[in-house]
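A.B. asks: There's a structure below that I have some questions on.
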Amino acid sequence: MADARVATILPAMAPGTIRNFNYHPDVRAMIKNSLQECVLHPTLHAYGRTQTVVTLGHIALTPLVIVKAELDARDTTWKQVFLPPGYSAHQPEAITSVKAFIRELLKYEKSTMAKLLLVGLKARGRGSTHDPVPRLDVMIVGLLQTMSPEHELQPPDELRSAITSTQRIRFGYLRVQMVIQRQQTPEENGVHSIWEVIDRHLESLRRKSADWKVAFARLVLSLDAQLFDGINTARDVRAFEVRMPSDKEVATELFARAQAPEVNDETPTTHVQEEIF
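My numbering puts the first residue of the sequence shown at -18, with every later residue one more than the last.
Here it is as structure tokens:
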């Protein structure tokens, strides 16, 4: 990061400096790294939205809010040097500029993650549509090695053994969601982007009970394993009519688990320590 001590502090209301503010490359890199870490977090409540749809309530676990809070925690001198004039004094135009800049970078990180989630399923990009779509853990390893500097050089087997249940649930869920949205027509999908659909669905899932979420997660992981078994190609997957588990299917799963509890159950939802969805 460039040293704030040797940079020029811009006047708080310099004409045009907010609208045309040029963010330092180190600030761009810092925000980019923070956003990468954010979008990979398996317990996010949203990926783009900052307010809920139903109540317009504040969403704390969303990349824009998290990264902006990191910037706000910086000392005043740093903010005066590296952020638009007036930001440290809470000037609305400066705050809008910072939020727009974060959103711009977030768009690219979400696009990168979507491509990695859909590896083997797209006509272009990594692999061929004639190759098997990777199993969930293989996909997650590629995702983490590409987007997380912490895991970039970690051996695949070591990284695979460190994948958490919460990561499997979230990345499996995201992959299935993206397949569903790709199969839908514009009329079925409405005007919402894939990420907006995901944010809205995550909001609805948060209103469910913990047991309901676990049962739903089991069904999603089962669906992911069926679709992406290490044999099916993109063409095979297109032959499936993919949809999320219904409330009735989740209720049936809950009832079945209650009637016949599993012994030595080691499915990915067995030892979930964090809140899912």
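Quick reminder that beta carbons are idealized off the backbone N, C-alpha and C, glycines included.
Please read these numbers as outputs of a predicted model, since none were measured by experiment.
Alpha carbon to alpha carbon, what distance is there between Met11 and Ile(-10)?
C.D. replies: The sequence position of residue -10 within the sequence shown is 9, counting from 1. The sequence position of residue 11 within the sequence shown is 30, counting from 1. Residue confidence is low: Ile(-10) scores 49 on pLDDT, short of 50, so the model does not pin down where it sits. No coordinate-derived value is stated.
A.B. asks: Which residue comes first and which comes last in the alpha helix (DSSP H) that contains Asp53?
C.D. replies: The residue labelled residue 53 in the question sits at position 72 within the sequence shown. Where Asp53 is concerned, the enclosing alpha helix (DSSP H) stretches over Pro44 to Asp53.
A.B. asks: In three-state terms, what does DSSP make of Thr214?
C.D. replies: Residue mapping note: residue 214 aligns to position 233 of the sequence shown, counting from 1. Thr214 falls in the strand class under three-state DSSP.
A.B. asks: Counting beta carbon pairs with one atom in the region 212 to 228 and one in the region 184 to 202, are three or more of them shorter than 8 Å?
C.D. replies: With a cut-off of 8 Å, the region 212 to 228 and the region 184 to 202 count as touching, because enough Cβ pairs lie within range.
A.B. asks: Rounding to the nearest angstrom, what Cα-Cα distance links Gly101 and Asp217 in this structure?
C.D. replies: Position 120 of the sequence shown holds residue 101. Position 236 of the sequence shown holds residue 217. Roughly 11 Å between the two C-alpha positions.
A.B. asks: Nearest-angstrom Cα distance between Leu25 and Arg149?
C.D. replies: By one-based count along the sequence shown, residue 25 stands at place 44. By one-based count along the sequence shown, residue 149 stands at place 168. The straight-line gap from Cα to Cα measures roughly 14 Å.
A.B. asks: If contact is defined by three or more beta carbon pairs under 8 Å, each pair taking one atom from either stretch, is the region 7 to 21 in contact with the region 34 to 52?
C.D. replies: Touching, per the Cβ criterion.
A.B. asks: With distance defined between alpha-carbon atoms, name the residue in Pro23, Lys103, Tyr89 and Ala237 nearest to Phe258.
C.D. replies: Along the sequence shown, read from residue 1 onward, the residue named residue 258 stands at position 277. When each option's Cα is compared against that of Phe258, the closest is Pro23.
A.B. asks: Determine the extent of the alpha helix (DSSP H) in which His39 is found, giving its start and end residues.
C.D. replies: The residue you call residue 39 lines up with position 58 of the sequence shown. No alpha helix (DSSP H) contains His39, which DSSP labels as neither H nor E.
A.B. asks: Could you compute how far the alpha carbon of Leu125 sits from the alpha carbon of Met159?
C.D. replies: For the purposes of this step, residue 125 is taken as the residue at position 144 of the sequence shown. For the purposes of this step, residue 159 is taken as the residue at position 178 of the sequence shown. Cα to Cα, Leu125 sits roughly 18 Å from Met159.
A.B. asks: Which residues share a DSSP beta bridge with Gln32?
C.D. replies: Looking up residue 32 in the sequence shown gives position 51. Answer is His39, bridged to Gln32.
A.B. asks: Are three or more beta carbon pairs between the region 27 to 42 and the region 174 to 189 nearer than 8 Å?
C.D. replies: Enough Cβ pairs lie closer than 8 Å, so yes.
A.B. asks: Identify, in the order they occur along the chain, each residue of the same chain with its Cβ nearer than 8 Å to the Cβ of Asn14, setting aside the five sequence neighbours on each side.
C.D. replies: What you label residue 14 is simply residue 33 of the sequence shown in a count that begins at 1. These residues qualify, in order along the chain: Pro130.
A.B. asks: What are the boundary residues of the alpha helix (DSSP H) that Ile91 is part of?
C.D. replies: Reading the sequence shown from its first residue, position 110 is the one you call residue 91. In the sequence as displayed, the identity of residue 91 is Lys instead of Ile. First-last of the alpha helix (DSSP H) with Lys91: Pro73 to Leu98.
A.B. asks: Per DSSP, what kind of secondary structure is Pro137 in: helix, strand or coil?
C.D. replies: On the sequence shown, position 156 is the one that residue 137 refers to. Helix, per DSSP.
A.B. asks: Determine the extent of the alpha helix (DSSP H) in which Ile12 is found, giving its start and end residues.
C.D. replies: Residue mapping note: residue 12 aligns to position 31 of the sequence shown, counting from 1. Where Ile12 is concerned, the enclosing alpha helix (DSSP H) stretches over Pro6 to Val20.
A.B. asks: Quick check: the Cα distance between Ile40 and Glu51, rounded to an integer number of angstroms?
C.D. replies: What you label residue 40 is simply residue 59 of the sequence shown in a count that begins at 1. What you label residue 51 is simply residue 70 of the sequence shown in a count that begins at 1. Roughly 16 Å separates the two Cα atoms.
A.B. asks: Pull the bridge partners of Pro113 from the DSSP assignment, please.
C.D. replies: The count along the sequence shown starts at 1 and reaches residue 113 at position 132. Per DSSP, Thr214.
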